[in-house]
Structure formats: C-alpha cells, structure tokens
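S.K.: Residue numbers (our numbering): 13 to 309.
All residues carry an ideal CB built from backbone N, CA and C; glycine is no exception.
Pasting a structure here, questions to come.
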C-alpha cells in the first residue's frame, strides 16, 4: 500500500491529509496560513507538515494545491497576489523533491477543486464544466472532457480579475466583500460580521444583510453569465465556504443567472454546489499528482 500527503495552501488556512493510493483519506487536519508572514514562513510550515506525516506513514509522494498562478511542469508559483508576500517564484516541486527525495506535483487550488468535483463530485460525467470558488477572492477553472484548460501560459480562468464595470469581479463579488459591506452599512467593525452571522441575520429578516447578499448574488450571476457566453458549460460548480449556505443562495443565484444569461443558454446550464467542500483541494491535488505520474512512466 502506498501513501501520499496532500496539502492545500489557501490564503486563510492550510488543509492537509494523508491519502491511500485508492484515494481514501486516512487523516486530515488544518492550520492557519498566516499569510502575512510571507512565502518563506509558509514553506517552513509545509515542510513541517511533510515531516510529521512522513514520521507516521512511509510516503510515496507529495501533492500540492496552492493559491496563485502555477506552472505545472516546473511545479512553481509564477504569480501571486498581495495576500502572501514574497510567494511568487516559490519552487515547490524542486524544493520538496530535493529536501525529501519524494516526487512532488503542484497545481492551482481552484483547478484542484475542479478536478475533485469532476472525478467524484458535482461535475462528474460532464463534457464542459466550470468550477468557481468564492472566498477571500474569486477563482475559477474550466474542465473540458475532464482535463483542466490551462491556456497558453497556465493562467486561464483567472476570472477574479475580470473587469466588471466599476471594479474587478472579486472586488465586487467575493465573500470577504460581503462582510466588509455589511459592517460599513451597520457602522460596525468588519471583524464582527463574518458569513455565519450575516446569513443568520438575513434569515431572521435583517434588511441590510438581505440586501448585501442579494447584491453579491447579482454580481456572481453576472460574472457566471459572462463565463457561460464564452465557454458554454453544461454545469457550473460553486465552492468556497460561503456556498455551505446553498439552500439560501441557490434560488437567488439561479434568479441572478436568469437575469443576465439568455434563456436559450440558461436552460441548458446547471448550477451545482461543490460536493467535496473543504476536502476538494486535497483530493484534487492527489488526482493531479496521479495523472502527472502516470504520464511520466
């Protein structure tokens, strides 16, 4: 039996686990990313995770899912936003293989989430699928016949940067913007209004929270419609922590999509919610590792 450590590096948390070669997760845990400390501190955290897992299991490989634009061939981050300082240029594959003498494969976190949903989740069996994650920012991936569409320079589907009128897509529609908007309208500290509290208040009839959520849904509906006009997917899978509120969000997002997408396309486009949730990055990184290793044999 072979064992693999799979590590999902996000802007807020690092989720990791050990998987058997059949994909079963044997253990999983998480820790704060502490992104402000920068790329080197983040690398130290990941190395500690690998050492700890290696002490418990005879590992056969390291699977990395990470925020940022990733060159899958080199296994490195070639562009990163301001959230993680000095992260751009991090050579995960080279550094890990040198330090641990284990094969390592690296992929963008949203691409990993999309792979997981295609393999065993909400996009299973689809010919053309789009996966979006809505969190601190907005990320996207496209899968065509089960393969990630990377574009000519590994930067396809960086939809958070799409210009959406007065600002880019993620500046208007991310979950982090929802919290900020509610706090400002209530003249309160942003830290007092996380997604859980906002949705609880909205369900209780708080008009400020209801309006802010509806505005977010309209932005997301408009952005999803724009993507559908280009890619014409049969399914759009929505992930990110806020999508745990799917019962509340589904009718609002569906209505928003119907406002912005021509009916002839809209009725052939399904909105689904991510099946794997917090495990998506880990599972997708494992799928990516296995696919890459098969090609190299």
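1. Can you give the Cα-Cα distance for residue 197 and residue 224, rounded to whole angstroms?
2. For residue 43, does the count of other Cβ atoms within 10 angstroms reach 16, so buried, or fall short, so exposed?
3. Taking the straight line between their C-alpha atoms, what separation do you get for residue 186 and residue 205?
4. Within 10 angstroms of the Cβ of residue 216, are there 16 or more other Cβ atoms? Answer buried if so, exposed if not.
5. Using 7 Å as the threshold, is the C-beta distance between residue 301 and residue 129 below it?
6. Looking at the structure shown, is residue 157 part of a helix, part of a strand, or coil, going by DSSP?
7. Give the DSSP-derived three-state secondary structure of residue 244 in the structure shown.
8. Do the region 15-33 and the region 60-73 touch if we need at least three Cβ pairs shorter than 8 Å?
9. Evaluate contact between the region 132-144 and the region 49-68, counting only Cβ atoms and requiring at least three cross-stretch pairs below 8 Å.
10. For residue 156, is the classification buried or exposed, using 16 other Cβ atoms within 10 angstroms of its Cβ as the cut-off for buried?
11. Would you say the region 239-254 touches the region 96-110, given that touching needs at least three Cβ pairs under 8 Å?
12. Go through its chain and collect everything with a Cβ distance to residue 63's Cβ below 7 Å, but skip five positions before and after it.
13. Distance check for residue 269 and residue 176, CA to CA, integer angstroms please.
14. Enumerate in chain order the residues of its own chain whose CB-to-CB distance from residue 233 is below 7 Å, with the five nearest sequence positions on each side excluded.
15. Are residue 277 and residue 240 closer than 7 Å when you measure CB to CB?
16. With a threshold of 6 Å, establish whether the CB of residue 188 neighbours any heavy atom of the ligand MG.
17. Skipping 5 residues on each side, what residues in its chain have a beta carbon closer than 6 Å to that of residue 162?
18. Per DSSP, what kind of secondary structure is residue 7 in: helix, strand or coil?
19. Output yes or no for whether 7 Å exceeds the beta carbon distance between residue 125 and residue 145.
20. Residues in its own chain within less than 8 Å of residue 29 by CB, not counting five upstream and five downstream?
21. Could you give the distance in angstroms between the alpha-carbon of residue 154 and the alpha-carbon of residue 102?
22. Measure the C-alpha to C-alpha separation of residue 61 and residue 280 and round it to an integer number of angstroms.
23. Less than 7 Å separating the beta-carbons of residue 208 and residue 214?
24. Do you know how far the Cα of residue 289 is from the Cα of residue 256?
25. Return the bridge partner residues of residue 143 from the DSSP annotation.
M.R.: Let's see:
1. If you number the chain shown from 1, residue 197 lands on position 185. If you number the chain shown from 1, residue 224 lands on position 212. If you take the alpha carbons of residue 197 and residue 224, they lie about 9 Å apart.
2. In the chain shown, counting from the first residue as 1, residue 43 sits at position 31. Residue 43 is exposed by the Cβ-count criterion.
3. One-based indexing of the chain shown puts residue 186 at position 174. One-based indexing of the chain shown puts residue 205 at position 193. If you take the alpha carbons of residue 186 and residue 205, they lie about 14 Å apart.
4. The residue labelled residue 216 in the question sits at position 204 within the chain shown. Classification of residue 216: exposed, given that the 10 Å Cβ count is below 16.
5. Position 289 of the chain shown, counted from the start, is the residue given in the question as residue 301. Position 117 of the chain shown, counted from the start, is the residue given in the question as residue 129. Contact flag unset, no.
6. Sequence index remark: in the chain shown, residue 157 carries index 145 (1-based). If DSSP states are grouped into helix, strand and coil, residue 157 belongs with coil.
7. Indexing the chain shown from 1 puts residue 244 at position 232. Residue state, collapsed to three classes: coil.
8. Flag = yes, the region 15-33 and the region 60-73 touch.
9. With fewer than three CB-CB distances shorter than 8 Å, the region 132-144 does not count as touching the region 49-68.
10. In the chain shown, the residue the question calls residue 156 occupies position 144. When all chains shown are included, residue 156 counts as exposed.
11. Between the region 239-254 and the region 96-110, the count of C-beta pairs closer than 8 Å stays below three; the two stretches do not touch.
12. Residue numbering aside, residue 63 sits at position 51 when the chain shown is read from its first letter. Within the same chain, residue 63 has no close Cβ partners at all.
13. Position 164 of the chain shown holds residue 176. Position 257 of the chain shown holds residue 269. Cα to Cα, residue 176 sits roughly 15 Å from residue 269.
14. As a working note, residue 233 is residue 221 in the chain shown. So the qualifying residues of the chain are 265, 268, 269, 271 and 272.
15. As a working mapping, residue 277 is identified with position 265 in the chain shown. As a working mapping, residue 240 is identified with position 228 in the chain shown. Yes, they are a contact pair.
16. Among the components of this structure there are no ligands whatsoever, and the ligand MG is therefore not found.
17. Numbered from 1 along the chain shown, position 150 holds the residue referred to as residue 162. For residue 162, where only same-chain residues beyond five positions count, the Cβ hits under 6 Å are 168.
18. This structure cannot speak to residue 7, because the chain is shown only from 13 to 309.
19. Indexing the chain shown from 1 puts residue 125 at position 113. Indexing the chain shown from 1 puts residue 145 at position 133. Going by C-beta atoms, residue 125 is nearer than 7 Å to residue 145.
20. For the purposes of this step, residue 29 is identified with residue 17 of the chain shown, where counting begins at 1. Cβ neighbours of residue 29 beyond the five flanking positions: 17, 18, 37, 38, 39, 40, 41, 291 and 294.
21. Taking the chain shown and counting its residues from 1, the one referred to as residue 154 is at position 142. Taking the chain shown and counting its residues from 1, the one referred to as residue 102 is at position 90. Going from the Cα of residue 154 to the Cα of residue 102 covers about 24 Å.
22. Here residue 61 refers to the residue found at position 49 when the chain shown is read from its first residue. Here residue 280 refers to the residue found at position 268 when the chain shown is read from its first residue. Rounded to the nearest whole angstrom, the C-alpha separation of residue 61 and residue 280 is 44 Å.
23. For the purposes of this step, residue 208 is identified with residue 196 of the chain shown, where counting begins at 1. For the purposes of this step, residue 214 is identified with residue 202 of the chain shown, where counting begins at 1. Remark: C-beta atoms of residue 208 and residue 214 do not approach each other more closely than 7 Å.
24. Along the chain shown, read from residue 1 onward, the residue named residue 256 stands at position 244. Along the chain shown, read from residue 1 onward, the residue named residue 289 stands at position 277. If you take the alpha carbons of residue 256 and residue 289, they lie about 8 Å apart.
25. What you label residue 143 is simply residue 131 of the chain shown in a count that begins at 1. 153 and 249.
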